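I have placed the structure first, in the form of structure tokens, so that the comments after it can refer back to it.
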Amino acid sequence: MVLWSDSCVPGNRSRLMSIALLDFLNMHPEDETISQKFSETGHACIQEMNAALSSIDAAMKKTKLFSPVEMIRMLTSVKRNHIFNVIELQDKDFLNIQLVAQFTSVDKMLFSQVKQLIYSTQQPYSISYKL
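My numbering numbers the first residue of the sequence shown as 414 and each following residue consecutively.
Dropping the structure here:
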């Protein structure tokens, strides 16, 4: 599985995200590998993400949102080449991984310099990376 993320260090390039992805892989070993790639300015994947976000932003300006249900309706009605697949999360879908993350050595990695992180069931407690 390839996961494209923006380059936000606190959000996507962090130990919390890494622990969450390792946990996901542990619960879904059939996926075997997650390759988390970070987008760079000017590359095609960034332009596609920006176009999608622009479409969502335009739809939000035309709609008053007062509940999660209205947000789902708005997202599924956004006109784009690709239809957005909206998945509504339940309470059970949220995990508190803050405590687990405190006991990892992931902080030794300079997340701001990483271009790709690779999580594998072959090495369940390790993260490979490319600079």
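Every residue, glycine too, gets a C-beta built ideally from N, C-alpha and C.
What you are looking at is a predicted structure, and each value in this text was computed from that prediction instead of being measured.
Are the Cβ atoms of Ile469 and Val499 separated by less than 8 Å?
No Cβ-Cβ contact shorter than 8 Å links Ile469 with Val499.
How many Å lie between Met414 and Met462 at the Cα?
Met414 and Met462: Cα-Cα distance of roughly 18 Å.
Meets three-Cβ-pair contact criterion under 8 Å: the region 523-532 and the region 431-444
Judged by Cβ distances under 8 Å, the region 523-532 makes contact with the region 431-444, as three or more pairs qualify.
Leaving out five residues on either side along the sequence, give the residues of the same chain with a beta carbon under 6 Å from the beta carbon of Lys450.
The answer, listed in chain order, is Trp417 and Gln529.
Buried or exposed: where does Met440 fall if 16 or more other Cβ atoms within 10 Å of its Cβ makes it buried?
With fewer than 16 Cβ atoms within 10 Å of its Cβ, Met440 is classed as exposed.
One question on the structure: do Met487 and Ala472 come within less than 8 Å of each other, judged by their Cβ atoms?
With respect to Ala472, Met487 sits close: the two C-beta atoms are nearer than 8 Å.
Can you tell me the Cα-Cα spacing of Phe524 and Pro442, whole angstroms?
Going by the C-alpha atoms only, they are around 25 Å apart.
Could you name the residues of the same chain whose beta carbon sits closer than 6 Å to that of Ser448, not counting the 5 residues immediately before and after it, in chain order?
Here the set comprises Val415 and Ile531.
According to DSSP, is Leu523 part of a helix, a strand, or is it coil?
Residue state, collapsed to three classes: coil.
Apart from the five residues on each side of it in sequence, which residues of its chain come closer than 6 Å, Cβ to Cβ, to Val513?
Excluding residues within five positions, the ones whose Cβ falls inside 6 Å are Ile432.
What is the DSSP secondary structure of Thr476, counted as helix, strand or coil?
For Thr476, the secondary structure class from DSSP, reduced to helix, strand or coil, is coil.
Whose C-beta lies closer than 6 Å to the C-beta of Lys543 among residues of the same chain, with five residues either side of it excluded?
Closer than 6 Å at the Cβ level, and outside the excluded window around Lys543, lie Lys528 and Gln529.
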